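Below: the structure, in structure tokens.
Quick look at the structure:
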């Protein structure tokens, strides 16, 4: 079981680096095959933290300090609120609603290639707050963060580095809450250093691929990833409704 779990982590980290919104959106559904939601939430958060450390190191020249402040601070604040509400709000309903938004945004962007959101204080605060809240609550706010940052039309290096830095701050905010709630038992602690190694290797591998991808193609890859995640969330939601 561990071998398949770690292989899924490695592939998720590569794909997450290329897509630019982290591994958690991809890895969390896979981790749920092996563990219950709370254990998976913590282990995926660790992979996400380690992967984002790697991305920041590999793409550090692209950091957008203004975006870190206006998008990142609301993300951190609402992440804490979302993490505290994990036990009280339906995860399935939220994923379904998020899936609808992601599908709509991705299809609209494919149809209208020059679609962008004006980068203002209001739009960055709203985007940061919403993505942070969902990251704390369902562990997968990265796709929404990616949708906003893609719509701001950032260059790929700046997009990846800035998204990684914001995601790192978000994860460091929510992880202590999960531990305080007892989500991860000590029998899984040895997974953490293994996930560190996997994340760094996966981030480096993803960087080598990104360097060879043109900006226009990169944006289409991100949009395709967002569309797939949205469809997955909708599929999961309907499956639960039919049970």
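In the UniProt record's numbering, the protein residues as written are 1 to 243.
All C-beta atoms in this analysis are idealised placements derived from N, C-alpha and C, irrespective of residue type, glycine included.
Remember, it's a predicted structure, so these values are computed and weren't measured experimentally.
For residue 143, I'd like the list of residues in its chain whose CB is within less than 7 Å of its CB, leaving aside the five on either flank, ordered along the chain. 21, 25, 102, 226 and 229
Pick helix, strand or coil for residue 120, following the three-state DSSP scheme. coil
Which residues in the same chain have their Cβ closer than 7 Å to the Cβ of residue 173, if we skip the five residues on either side of it in sequence? 76, 79 and 80
Where does residue 61 sit, in a helix, a strand or coil, going by DSSP? helix
Just to confirm, are residue 70 and residue 138 a CB contact at a threshold of 8 Å? no
How far does the alpha helix (DSSP H) with residue 208 in it reach, from first residue to last? 191-210
What's the C-alpha gap between residue 166 and residue 68? 6 Å
Should residue 12 and residue 30 be called a contact, given that it needs their Cβ atoms to be closer than 8 Å? yes
Nearest-angstrom beta carbon gap, residue 240 and residue 150 [assumed within contact, 8 Å]: That pair is no contact at about 29 Å.
To which residues of the same chain is residue 96 closer than 7 Å at the C-beta, ignoring the five residues directly before and after it? 233, 234 and 237
Mapping the DSSP letters down to three states, classify residue 86 as helix, strand or coil. coil
Own chain, CB closer than 8 Å to residue 61, minus 5 neighbours either side, in chain order: 157 and 161
Keeping to the same chain, check which residues put their C-beta closer than 7 Å to that of residue 250; ignore five residues upstream and five downstream. The requested residue 250 does not occur in the structure, where the chain is confined to residues 1 to 243.
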